[in-house]
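First residue of the sequence shown? That's 224 in my numbering, and the numbers climb one at a time after it. In this text, a Cβ means the ideal position worked out from N, Cα and C, and glycines have one as well. Below: one structure, written as structure tokens.
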Amino acid sequence: MTVASPSKLYSDLDVRVELDAPLAPLTWFGIGGRADALVRPNTIEALATLAHRCRRDLVPLRVLGSGANLLVDDAGVDGVVVQLDSELFRKVEFNAEGLVERMRVYGGASMERLVQECARRGLAGIEPMSGIPASLGGAIRMNAGGKFGAIGDVVDAVAMIGPDGDLRIYTRDELRFEYRHSNLPDGVVVWASLRVQPDDPVVCRQRVRDIFAYKKSTQPMAANSAGCMFRNPTMPDGTRESAGRLIDRAGLKGARVGSAFVSVEHGNFIAIEKHAAGARTDDVRALVELIQDRVQRESGVGLETEVVFWRRGEQG
Ligand code: EPU
224 MTVASPSKLY SDLDVRVELD APLAPLTWFG IGGRADALVR PNTIEALATL AHRCRRDLVP
284 LRVLGSGANL LVDDAGVDGV VVQLDSELFR KVEFNAEGLV ERMRVYGGAS MERLVQECAR
344 RGLAGIEPMS GIPASLGGAI RMNAGGKFGA IGDVVDAVAM IGPDGDLRIY TRDELRFEYR
404 HSNLPDGVVV WASLRVQPDD PVVCRQRVRD IFAYKKSTQP MAANSAGCMF RNPTMPDGTR
464 ESAGRLIDRA GLKGARVGSA FVSVEHGNFI AIEKHAAGAR TDDVRALVEL IQDRVQRESG
524 VGLETEVVFW RRGEQG
């Protein structure tokens, strides 16, 4: 075990620490190595101080959300991995600032639970996130969404701890959300203020069910995967094409490297065989390259990955 992150970074802080922590069970792929140090802050102050010290000592700091869009290298990762799973960071405040249309959601809150709770309370606006596994922070950073909308559509403000450890609030007019991208800098989302509209709970619940049903009918939702592997590319005429369709047309459904394979339900999903012994991130990486080569040859399109790769020696 190499622990590149000295305990002096966090030993005096209000955090829980696990050294040489397995990350595979914390990701949807369920593969990959260990974190030298997995640190779970209990307070915003502890998180801010940790971020500041990591920057000062040039120690990489990575943030683990719900592990839904992440592939961890077989050799694991160095530095500090932060997980916002304490009670404070999973909080949702309804009627924020006394307004029924506003809620403050903390960075580690589960989007799936939030979607359900909003529907139950009759608050409309975030149904498009139905069936998208994510933490609030991860969803905001990459503007998670799909056919029915994206989280950026309802964001009013974001509070972030930047790499220097300062907490800054970004207001709606400073924020830009585009397809699977936001203009937020590197850092940790502490909370976001989201806009919702009161509506009939029965109607809200039905919308959530309909969107979930669409996903379930077109995607392998129960697979060990990280959702869509590639971004939908922009075509020469300016429209976005489904990467899944391009992969499908290239005849790659079912293609496999080791225990990693392309889903037969949706071409943009790479899954890992359940309970496969010795399943490796390197297999997924090799399959990604095979797909990129083949799609480039068949349709002249270069596919970029949407899933985030973590490797030792690189900043997360
Ligand atoms: N299609 C195929 N073959 C395939 C996959 C899709 O022919 O293997 C066709 C479908 O029949 C459909 C079209 O391509 O006519 C679009 O498919 P789909 O509705 O599944 O949408 P997508 O563009 O492939 C995007 C998001 C998904 C999101 C869905 C639905 C990206 C990269 N993907 O997929 O998001 O769930 O829309 O809203 O933007 C994710 O981000 O992890 C993800 C899965």
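Reduced DSSP secondary structure (H/G/I, E/B, other) of residue i
i	result
Leu475	coil
Thr225	With a pLDDT of only 43 at Thr225, under 50, the local geometry of the prediction cannot be trusted, and no value is derived from it.
Asp561	Here the chain has residues from 224 to 539 only, and residue 561 is not among them.
Asp506	helix
Ile470	helix
Val323	coil
Tyr402	coil
Ser333	strand
Ala499	coil
Phe435	helix
Leu273	helix
Pro283	coil
Pro421	strand
Own chain residues within Cβ distance below 7 Å of residue i, not counting five before or after
i	result
Gly326	The sequence given here places Met at residue 326; Gly does not occur at that position. Only Val315, Glu316, Phe317, Ala319, Leu417 and Val419 meet the Cβ criterion.
Asn447	Trp251, Phe252, Gly253, Ala494, Ile495 and Lys497
Val226	For Val226, the predicted model reports a pLDDT of 45, less than 50, meaning its position is unreliable and no value from the coordinates is stated.
Gly385	Arg391, Pro408 and Gly410
Lys438	Gly354 and Met444
Beta-carbon proximity list for residue i, same chain, < 6 Å, skipping 5 on both sides
i	result
Tyr393	Val381
Asp379	Arg395, Ser416 and Arg418
Pro264	Val238 and Leu270
Ser358	Gly288, Ser289 and Gly331
Leu346	Val419
Cβ-based burial, residue i [other Cβ within 10 Å; buried from 16]
i	result
Ala436	exposed
Val426	exposed
Gly523	exposed
Asn406	exposed
Met458	exposed
Gln538	exposed
Asp387	exposed
Met224	Low local confidence applies: a pLDDT of 41 at Met224 is under 50, so the model's placement there is unreliable, with the coordinate-based value given in what follows. By the neighbour-count rule (16 or more Cβ atoms within 10 Å), Met224 is not buried but exposed.
Gly461	exposed
Gly501	exposed
Ser234	exposed
Asp296	buried
Pro283	buried
Cβ neighbours of residue i in the same chain (closer than 8 Å, five flanking residues each side left out)
i	result
Gln339	Val431
Val377	Gly348, Ile349, Leu417, Arg418 and Val419
Leu337	Val315, Val328, Ile349, Met352 and Leu359
Ile267	Leu311, Ile384, Leu390 and Val413
Residues that DSSP places opposite residue i in a beta bridge
i	result
Cys451	Phe492
Gly372	Gly369
Val262	Val240 and Val305
Glu316	Arg327
Val412	Met383
Val295	Trp533
Leu526	Answer is none; Leu526 lacks a bridge partner.
Ala362	None; Ala362 has no bridge partner.
Leu390	Ile384
Pro245	Arg257
Arg463	Thr457
Phe252	Phe252 pairs with nothing; no bridge assigned.
Asp347	Note that residue 347 is Ala in the sequence shown here, rather than Asp. Its beta-bridge partners are Gln420.
Can at least three beta-carbon pairs, one atom from the stretch 460-472 and one from the stretch 484-499, be found at a separation below 8 Å? yes
If contact is defined by three or more beta carbon pairs under 8 Å, each pair taking one atom from either stretch, is the stretch 242-258 in contact with the stretch 285-295? yes
Report yes or no: do the stretch 496-516 and the stretch 277-288 share at least 3 C-beta pairs separated by less than 8 Å? no
Contact between the stretch 399-414 and the stretch 362-373: three or more CB pairs below 8 Å? yes
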